[in-house]
Structures are given as structure tokens and as C-alpha cells.
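Undergrad: Below: one structure in C-alpha cells.
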Ligand SMILES: [Zn+2]
Ligand SMILES: [Zn+2]
């Protein structure tokens, strides 16, 4: 089926959205044209403005259109001296939803991956080291993912912390709360055993 | 979690897309910012241009930015004198994919629905009647959906056809080819029985 050029282009570009295939894009295009042109126009403007203006926070590297994000601009949180290192802005969202962490973050925007040519500078570890050196941090919590790359990245950063005499800790890995042992993968179970605590 | 204003607006407007919830929108926003700003910008422009310029074909009412869509501009198809009535542009796509219909379409962009205040004029049935009256149509194929509203709409149009002496037919409803009887709903089975053909 030959769509008109503008409709073809709309369907094609909708497939750029992760998780949207050709069929879904066609359905979305028709539905927006039929029922929500205003909404589609609002989305068009929001996409444009976001891509044009959202950069990285100068302190923690998360996404924001401001120089400094809201968390880094919160002096109470900065003064805590606790810095949590995560791989992505989504990780910040997940941790913030627990409402239990009161420090600030440092978002790597990835992890060390020599095969992909991603080294320490790509993760902003030079900036991180400058902060470790300035003496204002009491503790660094390493919350990278429990993957090979995440562990290697955590290990690398823990050595930077050691070098600058800043306490470093790794978040605990084990059986999820409410999880049933029977359904947990072996690797997680091994972590749960080796990380056991004396009662 | 408090996102920056532009990021909040992006996530909010992404939920205007049918089938995308808050969580999916957040994931999409981050992924586009991280990995495909160019694609997001292209989508922004495509959305803008589509919503601004895509209107309805003057002949068949389907979506197009041209006065007349590609199918209606095809004289071979127009000269066939066969017009297929469907409820939506997606139906045109489905029929075109079979590559077996060589006439043109008339897209109602809905169906008669007195409760929702949708009457004949809203479906362009005045325009359709003008075409039935001008003597160039040999046959009208009613391909509205096999729902209460679709049937009522087909019935209404068949009466217009009768009034203007244009042959009208309704597409067959029954067990889908390859479908297993066991899994077909009762209504479809009833249609299949009442629509049986002598061998
Ligand atoms: Zn920040
Ligand atoms: Zn047309």
C-alpha cells in the first residue's frame, strides 16, 4: 500500500521510537490524524524542545535543560556528602521512587566497556575524580548494575575512592524482597549466599 | 521524582500516543535523549508536517496531503465503476494488501451512531449520494465492519444505492480461512451458517 509522502514519513519516523514497529506506527499515525491532532502537535513541539535544550547536569550528568539539575541544586542533599553512582538517569528515577536516599547522584551514562571503546573519560570519571579529590565527599555508594561491566565499573571507581580516601560501598545483591527462592537465577542465589549476614 | 520541565512535558506528551503509558513514555524519552536525538527531531518534524498538511481526499475522504489521493487519481481504478465503502483508512490498507480489489474506495471515517450524534452528513453520505446519482458507478461493495453500527450503516447505504439504481453487495462474513471452528465465536458461526453456499 502506497501512503502519501507525508503519511509514509510519519509512519517511518514513528518506528524510531523504541518498541514501535511498522504496524504499530501505522496504527498510531492513523489514530493521531483521526482523533488527536492537537496532541500530536504538542508532542511534536515537546520533542523538538527537549532534543534542542535538554543537555546534561554539570554536576551529576543526568538529563536537564538547566545548568544544574534539581537534585544537585538542593544544598541539603549536596551537604550530606553522600554520592550514589548509577549507570543511567532511569536508575536515578528508580532510586528516587524509594524516597529513602538523601544524597546526590553521579550518572555515568553507561559503563566501562573496552570492546565498545568506552573508557573512563566517556563516563566522566575525570570529573568524578576531581570531586573525590576536593574533600567534600564522605561516602560513595556504587549502584551500577550487577553485570560484568557494571561490576568492573564499580571496581574501577572503588579504586579511585581508595586513592582519595573516600569510603566506598557497593549496594547489596541477593534475593529480591518478596521473591521466591525457587524462581531466582543461580547467579543471584550465589550472591545471596556469599553476601549473607550474621544474625 | 521531579523531572525537569522539558523532560516532564516530553513524557506527558508521549502518553498521547495510543498504547503508551507513563512508564513506557519515560523509557522512550530517556532512550531518545540518550541514543537517537536526530531520529526524535525527524519525528518532531514529521508529526508537525503531517498534522498541518494531511487532510482528506476530496473523492474518497481518506488521509492525504493532496487534493485527490493516489488511488482516486488512478483513472483505471476510477473507470472500473466499482466503489468499496469502508469505515476507516486502515480498512483501505487491509484491502489493498490483498492486491485483489481494483476499484476505488469511499472512506466513511466512522459509522452511523445516533447516540454519538453521528449522522449521514458526518460520514459524507451526501457526497456519496451525489456520486451514486451521476451514473458512473456500476457497483458498490459494502465493507463496513460486521458490528451493529457497521451493519446499520451498510443497510442505510444499500438503500441509497437502491434509490439510484446502483447494484450494492455486502462482503461475506464467516469462518476466517485457516480458522478452526472450535475457536470461532458463536456470532461468526451463525453468519457462516446463514451465509452458506450451495456446492
Ligand atoms: Zn545533577
Ligand atoms: Zn481518494
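Residue numbers (our numbering), protein chains in the order written: chain A, 81 to 279; chain B, 81 to 279.
The C-beta atom is built at its ideal place from N, Cα and C for all residues, glycine as well.
1) Mapping DSSP to helix, strand and coil, what is residue 249 of chain B?
2) Would residue 186 of chain B be called buried (16 or more neighbouring beta carbons within 10 Å of its own) or exposed?
3) Going by the CB atoms, is the gap between residue 244 of chain B and residue 271 of chain B shorter than 8 Å?
4) Quick one: is residue 149 of chain A near chain B, going by C-beta distance under 8 Å?
5) Within 10 angstroms of the Cβ of residue 248 of chain A, are there 16 or more other Cβ atoms? Answer buried if so, exposed if not.
6) Is the beta carbon of residue 164 of chain A within less than 7 Å of some heavy atom of ligand 1?
7) Which bits of chain A does residue 169 of chain B rub up against, with CB to CB less than 7 Å?
8) So, does the CB of residue 96 of chain B fall closer than 8 Å to a CB anywhere in chain A?
9) In three-state DSSP terms, what is residue 193 of chain B?
10) At a CB distance below 8 Å, what residues from the stretch 161 to 195 of chain B approach chain A? Give them in sequence order.
11) Of the choices B/137, B/86, B/275, B/151, whose alpha-carbon is the least far from that of residue 124 of chain A?
12) Tell me, which residues are paired with residue 40 of chain B by DSSP?
13) For residue 155 of chain A, is the beta carbon positioned less than 7 Å from some heavy atom of ligand 1?
14) Can you give me the C-alpha to C-alpha distance between residue 194 of chain B and residue 200 of chain B, rounded to a whole angstrom?
15) Mind pulling the chain B residues with CB within less than 8 Å of residue 197 of chain A?
16) Could you list which residues in chain B have their beta carbon closer than 7 Å to that of residue 116 of chain A, in chain order?
17) In the DSSP assignment, find the unbroken alpha helix (DSSP H) run with residue 236 of chain B in it and report its ends.
18) Should residue 171 of chain B go down as buried or exposed, given a rule of 16 or more other Cβ atoms within 10 Å for buried?
19) Please confirm if residue 138 of chain A has its CB atom under 8 Å from at least one CB of chain B.
20) Please confirm whether any heavy atom of ligand 1 lies closer than 7 Å to the CB of residue 151 of chain A.
21) Does ligand 2 have even one heavy atom less than 7 Å from the beta-carbon of residue 142 of chain B?
22) Name, please, each residue of chain A whose Cβ falls closer than 7 Å to the Cβ of residue 153 of chain B.
23) Just tell me which of B/110, B/132, B/104, B/111 has its CA closest to the CA of residue 120 of chain A.
24) Mind checking who residue 173 of chain A pairs with in its DSSP beta bridge?
25) Look at residue 164 of chain A and residue 190 of chain A and say whether their C-beta atoms are less than 8 Å apart.
26) Tell me the DSSP secondary structure of residue 268 of chain A in three-state form.
27) Quick one: any contact between the stretch 100 to 107 of chain A and the stretch 129 to 143 of chain B, if contact means 3 or more CB pairs under 8 Å?
28) Please report how far the alpha carbon of residue 237 of chain A lies from the alpha carbon of residue 122 of chain A, in whole angstroms.
29) Which class does residue 135 of chain A belong to by DSSP, given the choice of helix, strand or coil?
30) When every heavy atom of ligand 1 is checked, does at least one fall within less than 7 Å of the C-beta of residue 189 of chain A?
31) Could you check how far apart the C-beta atoms of residue 192 of chain A and residue 166 of chain A are, in whole angstroms? I think they sit under 8 Å.
32) Does the Cβ-Cβ distance between residue 148 of chain B and residue 157 of chain B come in under 8 Å?
33) For residue 155 of chain A and residue 162 of chain A, what's the separation of their Cα atoms in angstroms?
34) Per DSSP, what kind of secondary structure is residue 185 of chain A in: helix, strand or coil?
35) Name the chain B residues that come within less than 9 Å of residue 145 of chain A, Cβ to Cβ?
TA: Working from what's here:
1) Note: residue 249 of chain B maps to strand in three-state DSSP.
2) buried
3) Not in contact: residue 271 of chain B and residue 244 of chain B (Cβ atoms no closer than 8 Å).
4) Residue contact with chain B for residue 149 of chain A: present (Cβ-Cβ distance below 8 Å to some residue of chain B).
5) buried
6) no
7) 110
8) yes
9) Look at residue 193 of chain B here: in three-state DSSP terms it is strand.
10) 168, 169, 170, 172, 173, 176, 177, 189
11) Of the listed residues, the one whose Cα sits closest to residue 124 of chain A is B/86.
12) Because chain B is modelled from 81 through 279, residue 40 of chain B falls outside the range shown and cannot be assessed.
13) no
14) 10 Å
15) Here the premise fails: no neighbours, minimum Cβ distance about 16 Å.
16) 96
17) 228 to 243
18) By the neighbour-count rule (16 or more Cβ atoms within 10 Å), residue 171 of chain B is buried.
19) Answer no: the Cβ-Cβ gap between residue 138 of chain A and chain B never drops below 8 Å.
20) yes
21) Look at residue 142 of chain B: its beta carbon is less than 7 Å from one of the heavy atoms in ligand 2.
22) Under the 7 Å cutoff, chain A gives no residues; its nearest Cβ is about 11 Å from residue 153 of chain B.
23) Residue 120 of chain A has its Cα closest to that of B/132, out of B/110, B/132, B/104, B/111.
24) Looking at the DSSP assignment, residue 173 of chain A forms no beta bridge with any residue, so it has no partner.
25) no
26) Helix, per DSSP.
27) no
28) 42 Å
29) strand
30) no
31) At roughly 14 Å, the Cβ-Cβ gap does not stay under 8 Å, so residue 192 of chain A and residue 166 of chain A are not in contact.
32) no
33) C-alpha separation (whole angstroms): 12 Å.
34) strand
35) 84, 85, 86, 87
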